[in-house]
Structures are given as C-alpha cells and as structure tokens.
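Undergrad: Structure provided below as structure tokens; questions to follow.
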C-alpha cells in the first residue's frame, strides 16, 4: 500500500496539482476499500450511451459552474455510504435532490436505503448501474430518509429492506433520465439544467485525495465508482464532484478531477434527470364558512399561547349585507406535520369598515410596541374615489386566546397602488438593522396589460405603528406574474441573519389554477435585493375552482432548522366559500 507521503512525492514529480492526506478510507484494508466501489457495467447499455451524435452540438455553456452557489445552494449535504457498494444509489439520489431544489425549490433528503435495498436491486451491498437506478426512480421513486434511514438497514448485520409507513405516498419520482456523452453536451447540461451522475475508475491514490485537481499518479485500478458532478471550471480544466464517503474525505466530501481523467468523460456518459415529482401536498381544510363575497385573505404564524408550538392565524375580508368587514380566526398548536391539534378559535371581527372596493389584503404578526406581546397588523387595498390606495391598522397585544386589547387608527400607505390590483400582502422585519421593525407591502398590478409585482418598505415603525423613517421607492419584482392573478402574498425568510423575500401568487394558466412562489437573494439595508431572484417555483396541487385570494407565511414547522412555506387560499367549491392551507417543506 502506498502512503500518502509517497503519493505527494509522486504528485510533485508529475503535472498533477492535488494534495494527498490521510482519510478514513486510507486506513481501510484493500478488501474494505474495494467494497466502496459499486458500479456493475451494463455493457450493451454503455455502448448505446456512448454512440457519438450524428450532428455537432452548439456550445452554450458558461466558463464555470458550481451548483453550490448558483442563486443559492442546490446541493444536498454530503453523506457516507459506509462499507457498502451502494454508491450508485447515493449518486443518483443526490442528483435527484439537486434537481428538486432547482426545479421546485424544495430541499429533499431521500432514502438511499429504500432505493438500494427495496428495489429490483435487492437487499445486498452489491453494485448497480446508474441507468437501472434511474429506472427505479422513475417507476417506484424513493421516499424521504425518515421513512427508511440508511443506518436502520444494517441493524441485524446484513442489509435488509424495511418498508416505511405510507412509503408509496411519500415517494419522490422523476419523469425522465437520459445520458449525454459529448464534452460540449455535458457542459451545456451543467450550465442550463443542473447536476448529473457520473462513473469513474478509482485508483489506489484516490482514497488519499485531500484537495486540488485530481489526476492519477500511482496505484492500481481498484474498481468503478459513481459520483455526482455538480459543476466544472474551464480555467482549471476540471469537473467539480460530490462523493459519498463522508466529509472527512477530500474537500469536505467534494473533489475536483481533471477533464479526461479516470475515464469520467471518455469511457462513460453523464446521466441526467428531469421532472422531479414530489408527493401531492396534503391540503388541509379550515373549518367554518369564509363569507358571502371574499375580497382578500391573509395568514400569519406565531406562538400566541406560549406553549412552544406555532399557531396559525387566518384572515379574510367579506361583504355581508353590503358592508365590507374583516375577520380572523386561530388554529392552535400546529404539530410537526402541519396539523392544527388544538382546534380553532371562534371567528373574531376587526372593527371598522374595509372600504368601497377591496382588491387585496394581508396580515403579519410582530411585537410593534415592545411590550413582549405580539400585535396583529392588517392590510387592505381599496379604491376610494377611483384611486387605488393601501391602508393598515394594528390590533394591539394579542393574548393567549387571540384577542386584542384595542385597535389603532387606520394608517394610509403613501402612493398609488396601480391600475388593476390583483392581490396584496405584508411582512414585518428589521431590514435596516436599527432594532425597529420595518413594514414591507407587496401588490400585483396590471399596467399596460403586463402583470407585475411590486413592493415598498415603511421604515422604523414606532410604538404606535407609524413609519417614522418614511417610505422607500417602489421596487419591482422581476418577471411576469401570470395570466389571471387570483391572490398574492409576501413573507420573510431569515437565513443566517439576512432577510430574503418570498413572494407568492395564484395564476390560472390554461384553465389550471396553480400557486407559484419565488425567493430573493438577501436584502441590503435599503431593501434592495443583492443579486438575482431565484426561479419561479410551482406549488404542487390544484388551487381550486374559484380562488378568492391567498397568502403565505414562513416558519420552521417540522423543527429541522429550515424554513417551511405555509400557503393559504380561499376557494368556492359547490358554492361554499372555504379556506385551505398546505405546506411546502424546507424551501431553503
């Protein structure tokens, strides 16, 4: 066995530019090392996949790509396959997780154990072929890791298949998988679509990889291994890859490998994924009627009764007897699955009139007056005298039963709110970092027949709820907001102490009511997005027959440290106005 000191000496005497180090894998015996390599080649399939294309491919790729830093990190954490030849399941699952983040904005953690031990592969640690693994992901999918944790497969020694509860209902599937074999195609795909799976020869020195751009310098061929390719660099002439040997190997579990090295792009294709299909989101109905003529809706999340579990506050504007009125109710003690376990409060009315022609609404929760109790901020858009305007009022000191002690006066938001408002929302956060909350107001308008989203910020709310720092300019959210907007909302996701906007709208393309959201990069102290917005993500499931507004809120419902998106809408099935919500888990 060659020591890593000898490997470094061989590197120095070659044109290679990487550093060897002691890793957990270098401490294994030769037999144990070979157990990590689990690619069994399907010769006929490989030959078909490597047939050159008849036509040349037009280059359409960037100088460098790394999907860990492309409008966010789309690569799931590095895992450890242990002493089992399950690398094909790890690399294909990892690629699906990446594509779920890119296509849907969802951070998934899927079960490699289910794919490897419960599929046609069988309950063993033998190798596999990527094409076969992807076929299994198309036909049966893979559930979440909690359904069948990898470690639980080995509790009796030899691996076993354990079918988790509701396995089929929890399975994530893919629509298609193909392969690319041309260097230009490989880079085109990585630039324009996402990561891929790849196969390479593992030589003895690869177990000692620490950093740099790997080239084989010493040692015999040990076998074939499957990894995820997450990017490349034309300047460095290398692929950037994610391994499944834990974070103590390589560069925190990642590595770079030179073009043309170890057969990664000369002997084998790259396998691609598209069309990740997550299970249909469990849509939860809110009991009770939502009025005669809904003209706005809102939702917020806070722990009102102080028991450590979030409570769900839903709001709507109705027009009973020709009088526009606003109401809210509270769903108590939302569990980690998103269910309201403590029942619903009575319906509480917000005093005062809600305008001549409501065109959108929203709510937020924050401690505005600094007394330690949450306050309820209510927004609505109205059209008095033919002028679209926005107004907000504050219900002070929500108690543990959801009642407020008093309401503020109605406060106007300065400026016009567009030609044809199609939804609104509000959020609260300390954007400029001065210790006072700021009010973010969002609406969708249709100027010149172009549906657009806009937001403005009221700075430094004082203890009376007034924006003492004035209002920002109106800021446009890029891209179109659909054909027929039927609801809108905004929320704040705080990641590492930096606020990011999440905006939501319901649209009706081709007669299908669908919800969408997009996430900004962090805001600067002036409320501008630093960088670009993430792609628009569809929310699984239909949004009803006759949408009458919607809203969103963000909270860590399942307690895993990641923000979850709670989506609310009011629908009118069978002439009965009803409220519904669903949860998109782990959006960042």
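In full-length UniProt numbering, the protein residues as written are 1 to 588. All residues carry an ideal CB built from backbone N, CA and C; glycine is no exception. Note that the structure is predicted; figures quoted are calculated from it, not measured.
#1: Between the alpha carbons of residue 328 and residue 278, how many angstroms are there, rounded?
#2: Between residue 587 and residue 529, what straight-line distance do the alpha-carbon atoms span, to the nearest angstrom?
#3: To the nearest angstrom, how far is the alpha carbon of residue 186 from that of residue 132?
#4: Taking the runs of the alpha helix (DSSP H) that are 4 residues or longer, which of them lie wholly in the region 172–210?
#5: With distances taken between CB atoms, is the gap from residue 555 to residue 195 smaller than 7 Å?
#6: Do residue 91 and residue 178 count as a contact pair if the criterion is CB distance below 7 Å?
#7: Where does residue 237 land, buried or exposed, given buried means 16+ other C-beta within 10 angstroms?
#8: Should the region 202–213 be regarded as contacting the region 96–112, the criterion being three or more beta carbon pairs within less than 8 Å?
#9: For the beta strand (DSSP E) containing residue 84, list its first residue and its last residue.
#10: Give the single residue among 139, 193 and 243 whose Cα lies nearest to the Cα of residue 173.
#11: Cβ atoms of residue 211 and residue 19: under 7 Å apart, would you say?
#12: Using C-beta distances below 6 Å, list every residue in its chain close to residue 251, excluding the 5 sequence neighbours before and after it, in chain order.
#13: On the DSSP bridge list, what partners appear for residue 238?
#14: Compute the Euclidean distance between the alpha carbons of residue 379 and residue 429, then round it to the nearest angstrom.
#15: Return the first residue and the last residue of the alpha helix (DSSP H) that residue 167 is part of.
#16: Thinking residue 337 and residue 78 are a contact (beta carbons under 8 Å), I'd like their distance in whole angstroms, please.
#17: Please give the ranges of any beta strand (DSSP E) in the region 441–483, keeping only runs that are unbroken, at least 3 residues long and fully inside the region.
#18: Once you ignore the five residues that flank residue 466 on each side, which residues in its own chain have a CB closer than 8 Å to its CB?
#19: Using the Cα positions of residue 547 and residue 423, report the straight-line distance between them to the nearest angstrom.
#20: If we ignore side chains and look at the alpha-carbon of each, how far apart do residue 221 and residue 30 end up?
#21: Could you pull the DSSP bridge partners for residue 226 from this structure?
#22: Compare the C-alpha of residue 569 against each of 531, 515 and 167 and name the closest.
#23: Let me check one thing: in DSSP terms, what residues is residue 28 bridge-paired to?
#24: Rounded to the nearest angstrom, how far is the Cβ of residue 270 from that of residue 189, given a contact under 8 Å?
#25: Between which residues of its own chain and residue 46 is the CB-CB distance below 6 Å, once the five residues before and five after are set aside?
#26: For residue 102, does the three-state DSSP call read helix, strand or coil?
#27: Around the Cβ of residue 13, are there at least 16 other Cβ atoms within 10 angstroms (buried) or fewer (exposed)?
#28: Please report the residue range of the alpha helix (DSSP H) in which residue 10 lies.
#29: Tell me whether the beta-carbon of residue 193 lies closer than 7 Å to the beta-carbon of residue 224.
#30: In or out: residue 97 buried (at least 16 other Cβ within 10 Å) or exposed?
#31: Counting Cβ pairs closer than 8 Å, one from the region 516–525 and one from the region 492–508, do we hit at least three?
#32: To the nearest angstrom, how far is it from the Cα of residue 183 to the Cα of residue 301?
#33: Can you tell me where the beta strand (DSSP E) holding residue 379 begins and where it ends?
#34: Can you tell me the Cβ-Cβ gap for residue 488 and residue 539, rounded? I've got them flagged as a contact below 8 Å.
#35: Taking the alpha-carbon of residue 87 as reference, which of 71, 398, 314 and 33 has the nearest alpha-carbon?
#36: In the DSSP assignment, what residue or residues form a beta bridge with residue 273?
TA: Looking at the coordinates:
#1: Reading the chain shown from its first residue, position 328 is the one you call residue 328. Reading the chain shown from its first residue, position 278 is the one you call residue 278. Cα-Cα distance, rounded: 32 Å.
#2: Stepping through the chain shown from its first residue, residue 587 is reached at position 587. Stepping through the chain shown from its first residue, residue 529 is reached at position 529. For residue 587 and residue 529, the distance between alpha carbons rounds to 18 Å.
#3: Your numbering for residue 186 matches position 186 in the chain shown. Your numbering for residue 132 matches position 132 in the chain shown. Whole-angstrom Cα-Cα distance: 20 Å.
#4: 183–192
#5: Looking up residue 555 in the chain shown gives position 555. Looking up residue 195 in the chain shown gives position 195. Not a contact, by the Cβ cut-off of 7 Å.
#6: By 1-based counting over the chain shown, the position of residue 178 is 178. By 1-based counting over the chain shown, the position of residue 91 is 91. The answer is no: Cβ separation not under 7 Å.
#7: Taking the first residue of the chain shown as 1, we reach residue 237 at position 237. With fewer than 16 other Cβ atoms within 10 Å, it is exposed.
#8: no
#9: Here residue 84 refers to the residue found at position 84 when the chain shown is read from its first residue. No beta strand (DSSP E) holds residue 84; DSSP gives it neither H nor E.
#10: Against the chain shown, residue 173 aligns to sequence position 173. Considering only alpha carbons, the answer is 139.
#11: Along the chain shown, read from residue 1 onward, the residue named residue 19 stands at position 19. Along the chain shown, read from residue 1 onward, the residue named residue 211 stands at position 211. Yes, these two residues count as a Cβ contact at 7 Å.
#12: Here residue 251 refers to the residue found at position 251 of the chain shown. Only 211 meet the Cβ criterion.
#13: Working through the chain shown from its first residue, we reach residue 238 at position 238. Its beta-bridge partners are 233 and 258.
#14: As a working mapping, residue 379 is identified with position 379 in the chain shown. As a working mapping, residue 429 is identified with position 429 in the chain shown. The alpha-carbon atoms of residue 379 and residue 429 are separated by roughly 16 Å.
#15: For the purposes of this step, residue 167 is identified with residue 167 of the chain shown, where counting begins at 1. Unbroken alpha helix (DSSP H) run through residue 167: 167–170.
#16: Numbered from its first residue, the chain shown carries residue 337 at position 337. Numbered from its first residue, the chain shown carries residue 78 at position 78. 28 Å between Cβ atoms; not a contact.
#17: 452–458 and 475–477
#18: Locating residue 466 in the chain shown gives position 466, counting from the first residue. Same-chain partners within the cutoff: 411.
#19: Locating residue 547 in the chain shown gives position 547, counting from the first residue. Locating residue 423 in the chain shown gives position 423, counting from the first residue. Only weak support exists for where residue 547 lies, its pLDDT of 49 falling under 50; the value from the coordinates is given anyway. Distance between the alpha carbons of residue 547 and residue 423: 11 Å.
#20: Mapped onto the chain shown, residue 221 falls at position 221. Mapped onto the chain shown, residue 30 falls at position 30. Approximately 12 Å, taken between the alpha carbons.
#21: Along the chain shown, one-based indexing puts residue 226 at 226. DSSP lists 199 as partners of residue 226.
#22: For the purposes of this step, residue 569 is taken as residue 569 along the chain shown, with counting starting at 1. Nearest option by C-alpha distance: 515.
#23: Along the chain shown, one-based indexing puts residue 28 at 28. Its beta-bridge partners do not exist; DSSP assigns none.
#24: Taking the first residue of the chain shown as 1, we reach residue 270 at position 270. Taking the first residue of the chain shown as 1, we reach residue 189 at position 189. That pair is a contact at about 7 Å.
#25: As a working note, residue 46 is residue 46 in the chain shown. Result list for residue 46: empty, nothing under 6 Å.
#26: As a working mapping, residue 102 is identified with position 102 in the chain shown. Three-state DSSP puts residue 102 in a helix.
#27: Within the chain shown, residue 13 is the residue found at index 13, counting from 1. Looking at its Cβ environment, which holds fewer than 16 other Cβ atoms inside 10 Å, residue 13 is exposed.
#28: The residue labelled residue 10 in the question sits at position 10 within the chain shown. Residue 10 -> alpha helix (DSSP H) spans 4–12.
#29: On the chain shown, residue 193 is found 193 positions in, with the first residue counted as 1. On the chain shown, residue 224 is found 224 positions in, with the first residue counted as 1. Cβ distance not < 7 Å, so residue 193 and residue 224 don't count as in contact.
#30: Here residue 97 is taken as the residue at index 97 of the chain shown, counted from 1. Flag for residue 97 reads buried.
#31: yes
#32: For the purposes of this step, residue 183 is taken as residue 183 along the chain shown, with counting starting at 1. For the purposes of this step, residue 301 is taken as residue 301 along the chain shown, with counting starting at 1. Roughly 49 Å separates the two Cα atoms.
#33: Mapped onto the chain shown, residue 379 falls at position 379. 375–382 is the extent of the beta strand (DSSP E) around residue 379.
#34: Here residue 488 refers to the residue found at position 488 of the chain shown. Here residue 539 refers to the residue found at position 539 of the chain shown. Not a contact, Cβ separation roughly 13 Å.
#35: By one-based count along the chain shown, residue 87 stands at place 87. That would be 33, whose Cα lies nearest to the Cα of residue 87.
#36: Walking along the chain shown from the start, residue 273 turns up at place 273. DSSP output for residue 273 lists 177 as bridge partner(s).
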